[in-house]
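Residue numbers (full-length UniProt numbering), protein chains in the order written: chain A, 1 to 803; chain B, 1 to 140; chain C, 1 to 112. Below you'll find the structure, written out as structure tokens, and then a few comments.
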Amino acid sequence: MLTVNIAIIIPFLAAIFIPFINKKYPNIHIGWFALFVPATLFVTLARYIPTIAGGKTYVYTINWIPSYGINFTTYLDGLSMIFALLITGIGSLVVIYSIYYLSSKESLSHFYVYLLLFMGAMLGVVFSDNIMVLYVFWELTSISSFLLIAFWYHRKKSRQGAKKSLLITISGGFGMLIGFIMLSGIADTLSIREIVLTIGDNTDHPLFLPAMLLILLGAFTKSAQFPFHIWLPDAMEAPTPVSAYLHSATMVKAGIYLVARFTPVFGGEQTWFWLVSGVGLLTLFWGSFNAIRQTDLKALLAYSTVSQLGMIMSMFGMGSAALHFGYSTESVVYTQATFAALFHLINHSTFKGALFMVVGIVDHEVGTRDLRRLGGLITIMPATFTIALIGSFSMAGLPPFNGFLSKEMFFTAALNISQLDIFALDTWGTLLPVIAWIGSVFTFVYSMIIVFQTFFGPYQKEKLDLPAHGASRGMLVSPIILAVFVVGIFFFPNLVGKYLINPAMTTIFPRLAVEGDLGQTITIWHGFQPELYMTIGVIAVGTFLYIFRNYWKGIYSLFPEKWTFNELYYFSLTQLEDGSAAVTKSYMTGFLRDYLLYIYLFFIVAIGGILFYTGAFSFDLTGDEPVTMFEWSIIIVMIIAGITILFAKSRLTAVLLNGVLGYSIAVLFVIFRAPDLALTQIIVETVTTVLFLVCYYYMPEWKKENKPTRTKRINLIISIAVGIVFVLVALSVQSGKLFESISGYFENAYELAGGKNIVNAILGDFRAFDTMLEVVVLLIAGIGVYTLIKLKAGKEDENIEDQ
Amino acid sequence: MKINNVILQAVTKIAVFIILTLAVYLFLSGHNSPGGGFIGGLVLATAFVLLFIVFDIETVQKAIPFDFKRVAALGAFLAVGTGFGSLLFGEPFLSQSFGYFDLPIFGKTELATVTIFEAGVALVVVGVVVTIILSISEDV
Amino acid sequence: METLITILSGVLVSVATYLLLSRSLIRVVLGSAILSHAAHLLIMTMGGLKRGSAPILGEETESYTDALPQALILTSIVISFAVTALFLVLAFRTYRETGTDNLYALRGFKDE
Numbered sequence: 001m002l003t004v005n006i007a008i009i010i011p012f013l014a015a016i017f018i019p020f021i022n023k024k025y026p027n028i029h030i031g032w033f034a035l036f037v038p039a040t041l042f043v044t045l046a047r048y049i050p051t052i053a054g055g056k057t058y059v060y061t062i063n064w065i066p067s068y069g070i071n072f073t074t075y076l077d078g079l080s081m082i083f084a085l086l087i088t089g090i091g092s093l094v095v096i097y098s099i100y101y102l103s104s105k106e107s108l109s110h111f112y113v114y115l116l117l118f119m120g121a122m123l124g125v126v127f128s129d130n131i132m133v134l135y136v137f138w139e140l141t142s143i144s145s146f147l148l149i150a151f152w153y154h155r156k157k158s159r160q161g162a163k164k165s166l167l168i169t170i171s172g173g174f175g176m177l178i179g180f181i182m183l184s185g186i187a188d189t190l191s192i193r194e195i196v197l198t199i200g201d202n203t204d205h206p207l208f209l210p211a212m213l214l215i216l217l218g219a220f221t222k223s224a225q226f227p228f229h230i231w232l233p234d235a236m237e238a239p240t241p242v243s244a245y246l247h248s249a250t251m252v253k254a255g256i257y258l259v260a261r262f263t264p265v266f267g268g269e270q271t272w273f274w275l276v277s278g279v280g281l282l283t284l285f286w287g288s289f290n291a292i293r294q295t296d297l298k299a300l301l302a303y304s305t306v307s308q309l310g311m312i313m314s315m316f317g318m319g320s321a322a323l324h325f326g327y328s329t330e331s332v333v334y335t336q337a338t339f340a341a342l343f344h345l346i347n348h349s350t351f352k353g354a355l356f357m358v359v360g361i362v363d364h365e366v367g368t369r370d371l372r373r374l375g376g377l378i379t380i381m382p383a384t385f386t387i388a389l390i391g392s393f394s395m396a397g398l399p400p401f402n403g404f405l406s407k408e409m410f411f412t413a414a415l416n417i418s419q420l421d422i423f424a425l426d427t428w429g430t431l432l433p434v435i436a437w438i439g440s441v442f443t444f445v446y447s448m449i450i451v452f453q454t455f456f457g458p459y460q461k462e463k464l465d466l467p468a469h470g471a472s473r474g475m476l477v478s479p480i481i482l483a484v485f486v487v488g489i490f491f492f493p494n495l496v497g498k499y500l501i502n503p504a505m506t507t508i509f510p511r512l513a514v515e516g517d518l519g520q521t522i523t524i525w526h527g528f529q530p531e532l533y534m535t536i537g538v539i540a541v542g543t544f545l546y547i548f549r550n551y552w553k554g555i556y557s558l559f560p561e562k563w564t565f566n567e568l569y570y571f572s573l574t575q576l577e578d579g580s581a582a583v584t585k586s587y588m589t590g591f592l593r594d595y596l597l598y599i600y601l602f603f604i605v606a607i608g609g610i611l612f613y614t615g616a617f618s619f620d621l622t623g624d625e626p627v628t629m630f631e632w633s634i635i636i637v638m639i640i641a642g643i644t645i646l647f648a649k650s651r652l653t654a655v656l657l658n659g660v661l662g663y664s665i666a667v668l669f670v671i672f673r674a675p676d677l678a679l680t681q682i683i684v685e686t687v688t689t690v691l692f693l694v695c696y697y698y699m700p701e702w703k704k705e706n707k708p709t710r711t712k713r714i715n716l717i718i719s720i721a722v723g724i725v726f727v728l729v730a731l732s733v734q735s736g737k738l739f740e741s742i743s744g745y746f747e748n749a750y751e752l753a754g755g756k757n758i759v760n761a762i763l764g765d766f767r768a769f770d771t772m773l774e775v776v777v778l779l780i781a782g783i784g785v786y787t788l789i790k791l792k793a794g795k796e797d798e799n800i801e802d803q
Numbered sequence: 001m002k003i004n005n006v007i008l009q010a011v012t013k014i015a016v017f018i019i020l021t022l023a024v025y026l027f028l029s030g031h032n033s034p035g036g037g038f039i040g041g042l043v044l045a046t047a048f049v050l051l052f053i054v055f056d057i058e059t060v061q062k063a064i065p066f067d068f069k070r071v072a073a074l075g076a077f078l079a080v081g082t083g084f085g086s087l088l089f090g091e092p093f094l095s096q097s098f099g100y101f102d103l104p105i106f107g108k109t110e111l112a113t114v115t116i117f118e119a120g121v122a123l124v125v126v127g128v129v130v131t132i133i134l135s136i137s138e139d140v
Numbered sequence: 001m002e003t004l005i006t007i008l009s010g011v012l013v014s015v016a017t018y019l020l021l022s023r024s025l026i027r028v029v030l031g032s033a034i035l036s037h038a039a040h041l042l043i044m045t046m047g048g049l050k051r052g053s054a055p056i057l058g059e060e061t062e063s064y065t066d067a068l069p070q071a072l073i074l075t076s077i078v079i080s081f082a083v084t085a086l087f088l089v090l091a092f093r094t095y096r097e098t099g100t101d102n103l104y105a106l107r108g109f110k111d112e
């Protein structure tokens with residue numbers, strides 16, 4: 001379906017036009033124009049929900065580089081539908097929110113260009129079927145996230161956070177690319193659908209495990225899983241709409257998307273199961289544990305996002321166990337974890353989005369996000385308080401909010417999986433529900449902190465920067481819509497289950513889905529089961545811990561600053577920078593001759609030496625064409641001209657001698673039956689000579705080189721050696737033909753390209769891509785020359801950066 | 001820099017037209033005989049360069065009011081644009097096509113999309129070469 | 001013929017190398033221009049010389065010379081022009097900003 005391909009391109013196109021529209025209508029907030037894009041896309045995509053729920057999928061291919069199997073193929077199925085709806089839906093709400101959040105004094109067109117860039121890239125990630133295209137979009141999301149985090153680039157912290165997120169996500173993405181290449185080598189295709197179909201026979205391929213590990217590395221870095229979570233708290237320097245959108249609802253879920261998408265490929269393997277669920281659980285625990293110690297509301301939310309992402313990740317890991325078995329009624333029970341993962345994915349986006357927006361409102365109206373200074377805001381902003389309450393209680397897993405449902409399902413899944421007797425679960429399995437429960441207790445505690453510490457307690461007016469007042473109505477629109485969803489999904493969970501999650505389950509378990517129904521019914525009340533007791537336990541212990549939190553907070557001092565991963569990151573970064581600086585300085589002398597010496601010595605020793613050592617020199621001069629008198633004379637003229645340049649007394653002579661060389665080559669081209677070349681060479685030589693003469697007007701006179709005789713001798717020896725190796729290599733290459741020449745193909749130019757001039761047909765048609773790039777290079781050189789001349793170094797810019 | 005070389009100027013006025021005609025001929029004939037976008041563009045550029053050398057820059061710029069930087073950008077846009085054009089017809093990036101048409105005056109003529117691509121190439125060459133020469137000589 | 005042209009380009013390579021290794025910026029620029037001449041000749045030689053007629057279809061002939069090297073060189077000629085122009089401008093801008101065209105003086109190491 002072409003619509004999907006266009007849906008990806010539209011945000012990019014819109015991003016191009018944003019600056020122009022902003023210029024044309026400076027009085028209208030540009031966000032209103034940007035809003036059109038996600039809103040339209042959301043409605044368009046939502047129209048396909050019924051057909052997708054009916055089991056239909058849409059594929060559309062636009063050929064891009066078909067010779068390498070890289071095609072712009074989009075695939076709309078249940079899984080990509082959920083993500084696409086989140087991207088466009090939350091996207092629309094965030095744009096509305098940002099219109100009131102960002103004043104028109106900010107450079108709004110930048111903001112919306114980056115935001116739309118991100119939206120397009122993210123849609124590209126979830127819709128791409130081709131892994132190479134997916135990779136390109138994947139890195140684009142990292143780049144747009146980098147740009148958005150550094151939106152207030154005059155702040156040092158913003159720049160640091162942006163750099164950190166970029167370094168971590170891009171290096172993970174690079175690992176993922178290698179994993180993709182391995183995977184495509186194993187499966188011999190770049191299409192995810194085909195990989196899923198064929199991978200079953202190749203699970204014992206030696207590259208299978210490395211590919212899995214590398215792809216997981218990409219997913220874990222992107223989704224801020226332990227120990228790569230350190231970039232997410234620093235990314236909170238971004239404007240709050242960005243945090244709500246990229247760093248809680250969409251981009252960080254790209255890693256989860258990747259895990260879900262590749263579950264049919266790697267799922268059922270022990271390594272996959274333990275890595276995904278283990279890292280997920282560890283992240284759940286570590287994130288929630290660390291969230292409590294935060295004093296900045298946004299940092300608290302960042303850690304809570306880390307922990308929630310870990311929870312979703314672990315559920316996907318647990319669900320993959322179902323693939324170990326064939327289809328049976330028992331194995332369907334284990335897919336429930338995946339169902340819960342998808343359900344929580346949607347729920348998390350709703351309540352966390354709302355919470356981020358609430359924090360943004362508090363920050364906007366009060367001027368601080370510091371928990372130690374906040375308090376007693378309930379009377380001043382009652383609406384904001386209500387939304388915060390709904391969001392936090394949902395996150396804590398309390399009824400009647402959607403978080404309760406997915407948390408219950410999480411417990412159920414963890415309990416079920418721990419009963420299995422595969423993957424050494426009989427020894428370690430009990431750990432799963434235990435860690436899940438501990439993580440949930442901490443989650444409960446920090447959810448309470450958000451509500452009670454911000455809105456209750458004493459109102460400390462003297463500590464606040466701005467006089468507190470209620471939020472503007474526009475800012476409340478988006479969080480209210482999200483809060484309605486939080487409550488609505490609790491009461492009608494099966495609508496979501498039937499139309500969104502079930503089709504996605506079919507994608508994740510394609511083979512199981514063929515044989516039976518994977519659909520689940522979400523029930524609000526399922527009797528006094530272990531999971532209910534677990535929830536009650538969470539509430540009891542959580543309340544206890546919350547009330548007495550000041551007594552046990554000393555536990556955090558057991559984890560000194562020195563040993564955190566953050567410190568490790570900064571330590572390795574500085575070490576890396578210093579180390580590479582030291583190494584670089586040892587051979588980068590800044591003197592051109594030294595660099596050229598390295599290159600030439602390598603050429604002589606490595607190329608000449610190896611050829612000599614392997615005895616690859618062979619000369620066969622019998623195939624040569626005879627040389628006429630005329631040709632002899634031209635060649636002798638050229639040799640003389642070339643050597644004379646070295647002894648030229650003035651630069652004018654040198655330039656003219658160079659011209660002699662150029663025109664002689666043009667003559668040689670005529671003899672070699674290359675009329676196009678001869679024409680071009682003559683004109684280029686003319687223009688070059690003009691250029692040299694014009695430039696030399698500004699240059700100093702060509703002085704005699706006064707350098708030591710020893711240097712001169714070394715230069716001479718090296719130049720002659722280079723020339724000799726060059727000739728020997730060239731002659732050897734000519735005498736041995738390894739394969740048939742491919743030039744015969746181009747002689748069909750008239751039939752294939754409709755042109756009789758073969759050279760021109762190659763340039764314009766067969767290899768038009770090269771020519772296009774060449775034209776671009778030419779343009780860049782032109783721009784380079786122009787800027788070199790026109791832009792003179794001015795005075796040192798004022799240092800506006802470090803604020 | 002005012003130079004007053006009457007003979008050179010008189011010859012140039014005529015020569016430029018010959019060069020321009022040659023440039024157009026080379027550009028159009030490139031498909032089937034020697035020539036093409038690069039050569040056409042280069043010859044065209046030399047015509048301009050000759051003008052700039054013989055007359056002074058201000059006079060020529062009054063007569064030919066192009067911004068050659070824009071010409072180059074337009075050319076690159078055309079060249080890259082034809083690439084995307086083929087995508088619209090479901091063909092791989094930069095596929096060219098050609099066909100034969102019966103035009104009223106020219107008779108049976110071959111029209112090929114490669115000409116648009118070549119025009120882009122030629123424009124870039126003209127724009128860049130003239131920009132380079134102009135910006136160097138303006139820098140005093 | 002092929003051998004002769006190869007030797008000719010070898011000589012040009014030597015000349016270019018010697019110029020590139022010198023300290024004066026203009027010589028380096030000139031060296032790079034000569035190096036590209038040598039490269040063009042080499043590519044041309046690789047396809048075989050003077051065999052068959054010019055690669056324009058429709059002429060009465062049995063075979064054509066290899067068109068592929070010609071297309072490569074055509075691209076290369078234009079690119080080397082652009083590169084030479086850029087180098088030249090770089091050279092004279094450097095001279096105007098720093099007052100020297102001696103590469104040894106231009107190393108730019110302040111802490112040595």
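Glycine included, C-beta positions come from ideal geometry on N, C-alpha and C.
Nearest CB-CB separation between C/Thr98 and chain A: not below the 9 Å threshold.
Residues of chain B with a Cβ closer than 9 Å to the Cβ of C/Ala33 do not exist; the shortest Cβ-Cβ separation is about 15 Å. Along the UniProt domain "MrpA C-terminal/MbhE" (714-790) of chain A, the beta strand (DSSP E) does not occur as any fully enclosed run of 3 or more residues. When DSSP states are grouped into helix, strand and coil, A/Phe72 belongs to the strand group.
DSSP places A/Ile28 outside any beta strand (DSSP E), giving it a letter other than H or E. For the region 694-725 of chain A, the set of residues with a beta-carbon nearer than 8 Å to any beta-carbon of chain C comprises Cys695, Tyr696, Tyr698, Met699, Pro700, Trp702, Lys703, Glu705, Lys707, Asn715, Leu716, Ile718, Ser719, Ile720, Val722, Gly723 and Ile724, in chain order. Distance from A/Val59 to A/Thr73 at the Cβ level is roughly 7 Å; contact confirmed, criterion being Cβ atoms closer than 8 Å. Straight through space, the alpha carbons of A/Thr543 and A/Ile378 are spaced by roughly 21 Å. Ranking A/Leu371, A/Ser478 and A/Thr412 by CA distance to the CA of A/Pro458 puts A/Leu371 first.
C/Arg93 places its beta carbon 9 Å or farther from that of A/Leu668. Judged by their CB atoms, C/Leu88 and A/Ala781 are not nearer to each other than the 9 Å cut-off.
Taking A/Met534 as the centre and dropping the five residues before and after it, the same chain places the C-beta of Phe411 and Trp437 closer than 6 Å to its C-beta, in chain order. DSSP places A/Trp152 outside both helix and strand once states are collapsed to three, so it counts as coil. For C/Asp101, same chain residues with a beta-carbon under 8 Å away, outside a window of 5 residues either side, are Ser24, Leu25, Ile26, Ala91, Thr94 and Tyr95 in chain order.
In the three-state DSSP reduction, A/Ser304 falls in the helix class (H, G or I). Separation of A/Asp765 and B/Val114 (C-alpha to C-alpha, rounded to the nearest whole angstrom) is 7 Å. The beta-carbon of A/Pro675 is placed less than 9 Å from the nearest beta-carbon of chain B.
Within the region 282-316 of chain A, not one residue has a Cβ closer than 7 Å to any Cβ of chain B. The beta carbon of B/Val130 sits closer than 6 Å to those of Ala45, Phe48 and Phe68, all from its chain and outside the five residues before and after it, given in chain order. A/Ala238 and B/Phe55 have their C-alpha atoms spaced approximately 57 Å apart. Between the region 716-730 of chain A and the region 77-84 of chain B, the count of Cβ pairs shorter than 8 Å is below three; the stretches do not touch.
Under the DSSP assignment, A/Asn63 falls in the beta strand (DSSP E) whose first and last residues are Tyr58 to Ile65. Neighbours of C/Ile56 in chain B, taken as residues at a C-beta separation under 8 Å, are given in chain order as Asn32, Ser33 and Pro34. B/Leu42 has a beta carbon lying within less than 9 Å of a beta carbon in chain A.
Between the region 436-454 of chain A and the region 386-396 of chain A there are three or more C-beta pairs closer than 8 Å, enough to call the two in contact.
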